[in-house]
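Under my numbering, the residue at position 147 of the sequence shown is numbered 232, and the numbers go up by one with no gaps.
Working notes, structure below.
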Amino acid sequence: MTTPSRQQIRPPHGDGLRDLSGDGPRTAPAGAPADTTVLGLPLPVVLAGARGHGRWHLDNIRRLQDKGLVRLVGVCELTPLTEDELAGQHVEQSADFGALLDSTGAAVAVICTPIPTHTDLALTAARKGVHLLLEKPPAPSYAEFRRMADGVAAAQVVCQIGFQSLGSHAVPAIRRLITEGGLGRVTGIGGAGAWARDEAYYRRAPWAGKRRLDGVDVVDGVLTNPLAHVVATALALDGSTRAEDVTDIRTELLRANDIESDDTSCVRVTTTGSRITVAATLCAERPGEPYVLVHGTGGRITFWYKQDRVLVQRSGHGLEEIEYGRTDLLENLVEHLTGGAELLVAPESTGAFMKVVEAIRQAPDPIALPPHAWERLPGENRRVVPGVDGFVAAAADTLALYSELGASWALSNEVSTR
Ligand SMILES: NC(=O)c1ccc[n+]([C@@H]2O[C@H](COP(=O)([O-])OP(=O)(O)OC[C@H]3O[C@@H](n4cnc5c(N)ncnc54)[C@H](O)[C@@H]3O)[C@@H](O)[C@H]2O)c1
C-alpha cells in the first residue's frame with residue numbers, strides 16, 4: 086500500500102469539497118496540480134490525548150494556529166481539560182472521538198493516546214475521511230500496524246507517523262553524504278540512548294512499562310517507546326525504512342525496574358544493505374543526548390537527533406559540526422494537504438521500525454537484572470545500572486550487543502532471532 090497521491094485525497098465527512106475555514110474556498114497554490122482537492126486554511130484539528138505528551142501537541146497546535154495553518158476545534162480526553170489547560174480557548178470536548186470528529190467537522194486529528202488505542206482511533210478517523218498525525222510507535226504489533234496502515238490507505242486519507250526526528254533536515258543531508266560516497270563504504274550504524282526515568286514514570290498510567298494489558302499488546306519498552314527515535318533514525322540513515330528492508334533482528338531485553346517490559350535493551354537489525362546496533366537504557370548513571378553513529382571506511386558521522394546536530398569526522402577533512410533546521414510534522418502534514426509538500430513519515434516508511442517492535446513483542450519476556458546489578462539513586466527515586474552508560478556508548482561504537490561486550494548482567498540473557 087502506498088500513501089494516497091494528492092489527487093486521491095478526499096475531503097473529510099462527505100463527498101464534495103467543503104469550505105472548512107468559513108473563509109471561502111482557497112485556490113490551489115502555485116505548482117499544485119489543477120485538479121487536486123484543496124482544503125482551506127486554517128485546517129480544523131481535533132487532538133485526542135491532551136495530557137501527558139499531548140500537552141506538547143496542544144502548544145504546537147497553538148503555534149500553528151498563530152501562523153494561520155490550523156484551528157483547534159476539539160479535544161478528546163477521558164476527563165475534559167480545564168479552562169487553564171486550554172489557556173482560555175473555547176473548544177468542543179468529548180470522550181467520544183468519532184462523535185467529536187463529526188460535530189467539529191475536523192479535517193485533521195492528532196492522536197496522542199496510549200499505544201494500544203492507536204489503531205482503533207486512527208481507523209475511526211480514517212473512515213470519516215479525517216487525516217492523521219499518529220504518535221509513535223504507530224501500533225504495538227505488526228498485525229495491528231498493517232490493520233491501521235491498510236485501513237488508512239483504503240480510506241484514502243493521509244497519515245503522518247510522529248517520529249519528529251525524521252523531520253530533521255540532517256537526515257536527508259546525511260543520506261546524501263553517504264550515497265555520494267563521502268564516508269567511503271558504510272560498515273554499520275550504531276545508536277545510543279542513555280536516559281533516566283524515575284519509578285513514578287512507570288506508575289503514571291496503567292499501560293506504562295507493560296508488554297500486555299487486559300489481553301492486548303502494549304509493548305511499552307525502552308526501544309519501542311521512549312527511545313524509539315534512535316531505532317527509527319538509525320534505520321532512516323541506513324535508507325532501510327520499509328518492512329522488506331529488514332532481514333534479521335536479534336534482541337537483548339533486560340530490566341532493572343519492577344516492570345513487565347524492558348528498560349535496558351539492545352537490538353541488532355540486519356538490513357539488505359547493512360547492520361544496525363542500537364543500545365538504550367532508562368537507568369543511566371549520567372543521562373545524555375541520544376545519538377546515531379554512522380561508521381564508514383572513510384570516516385564517521387554522529388547525529389544528535391534531538392538537537393539536529395551533526396559531527397562529521399573524515400580522514401583528510403578534519404572535524405565539521407553542523408546544526409540543521411527541522412520541519413514540524415503537523416506543519417508538514419498541513420503543507421502536504423494544502424500545498425503538495427512531500428509527506429515526511431508515511432506509515433510504510435515505519436515498516437522496518439515495526440518489524441523491530443514485532444521482534445521485541447515476540448521475544449521472551451525481559452530478564453530481570455540481578456539485584457547487585459542495579460541500585461536506587463538516593464533522592465531521585467530511580468534505579469541506576471552502574472556501568473550501563475559505557476556499554477550503551479560501546480555498543481554504538483562497535484556494533485556489538487551487551488552480551489558480546491561482556492556485560493556480566495547480559496551474559497545469561499536469551500537472544501531471539503526473527
Ligand atoms: N513523539 C514523541 O517524542 C513522544 C513522546 C512521548 C510520548 N509519545 C507517544 O504519545 C502517546 C501518549 O503517550 P503519553 O506518555 O503522553 O501517555 P499518557 O498515558 O501519559 O497520556 C495519554 C493521554 O491520553 C488520554 N487517553 C487515554 N485513552 C484515551 C482515549 N481513548 N481517548 C482520548 N484520550 C485518551 C489519557 O487520559 C492521557 O491524558 C504514546 O503513543 C507515546 O508513545 C511520543
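The beta-carbon is built from N, C-alpha and C at its ideal position, and this holds for glycine as well.
Every beta strand (DSSP E) of 3 residues or more that sits fully in the region 379–427 is shown, in chain order, as 384–389, 394–399 and 403–408. By the neighbour-count definition (other C-beta atoms within 10 Å, threshold 16), proline 291 is an exposed residue. For glutamate 337, DSSP records a beta bridge to Cys351. Taking C-beta atoms as the reference points, valine 352 and leucine 308 count as a pair closer than 7 angstroms.
Per DSSP, reduced to three states, the secondary structure at serine 188 is helical. Contact check for alanine 437 against alanine 328 passes: the beta carbons are separated by less than 7 angstroms. Set against 6 angstroms, the gap from the CB of arginine 136 to the closest heavy atom of ligand 1 is smaller. In this structure asparagine 417 does not touch glutamine 150 by the C-beta definition: roughly 16 angstroms separates them, more than the 8 angstroms allowed. Ligand 1 has a heavy atom closer than 6 angstroms to the beta-carbon of asparagine 310.
Counting only runs of 4 or more residues that sit fully inside the region 177–256, the alpha helix (DSSP H) segments are 182–189, 203–212 and 227–239, in chain order. When C-alpha distances from glutamine 249 are compared across Thr355, Leu486 and Pro311, the shortest belongs to Pro311. Rounded to whole angstroms, the Cβ separation of leucine 128 and valine 419 is 6 angstroms, and the two are in contact under 8 angstroms. Taking a contact to require three or more Cβ pairs closer than 8 angstroms, the region 338–351 and the region 467–483 qualify as touching.
In the DSSP assignment, glycine 475 falls within the alpha helix (DSSP H) that extends over 473–483. Here alanine 133 is near cysteine 161, since their CB atoms are less than 7 angstroms apart. Inter-segment contact for the region 294–304 and the region 182–202 is present: three or more beta-carbon pairs are separated by less than 8 angstroms.
For arginine 468, there is no enclosing alpha helix (DSSP H); the enclosing beta strand (DSSP E) covers residues 467–469. Of the residues Leu496, Ala135, Leu422 and Val395, the one whose Cα lies closest to the Cα of proline 165 is Ala135. Contact check for leucine 268 and isoleucine 386: beta-carbon distance about 7 angstroms, within the 8 angstroms limit, so the pair qualifies.
Considering only Leu414, Thr435 and Pro451, the residue with the shortest C-alpha distance to leucine 428 is Leu414. Distances from the CA of arginine 212 to each of Val243, Ala448 and Ser488 were compared; the closest alpha carbon is that of Val243. Alanine 281 has its Cβ no nearer than 6 angstroms to any heavy atom of ligand 1. Annotation: the region 271–305 contains no complete segment of the alpha helix (DSSP H) (minimum length 4 residues). Taking the Cβ of leucine 163 as the reference point, at least one heavy atom of ligand 1 falls within a distance shorter than 6 angstroms. The closest heavy atom of ligand 1 lies less than 6 angstroms from the beta carbon of threonine 198. For threonine 382 against arginine 270, the beta-carbon gap comes to about 5 angstroms, under 8 angstroms, which counts as contact. The Cβ-Cβ distance between tryptophan 280 and alanine 207 does not fall below 7 angstroms. About 5 angstroms separates the CB atoms of methionine 439 and tyrosine 227; that is less than 8 angstroms, so the two are in contact.
Remark: the C-beta of glutamate 220 is in contact range of ligand 1, defined as less than 6 angstroms to any heavy atom.
Residues of the same chain with a CB within less than 6 angstroms of the CB of glycine 159, apart from the 5 flanking positions on each side, are Val131, Val176, Glu177, Leu185 and Thr189 in chain order. If you check the CB distance, histidine 216 and valine 193 come in under 7 angstroms. Ligand 1 approaches threonine 202 closely enough that one of its heavy atoms is under 6 angstroms from the residue's Cβ. Between the region 355–365 and the region 474–489, the count of C-beta pairs closer than 8 angstroms reaches three or more; the two stretches touch.
In the DSSP annotation of this structure, arginine 461 is not part of any alpha helix (DSSP H); the continuous beta strand (DSSP E) holding it starts and ends at 460–462. Only exposed fits histidine 138, as fewer than 16 other CB atoms lie within 10 angstroms of its CB. Secondary structure at valine 430: coil, using DSSP grouped into helix, strand and coil.
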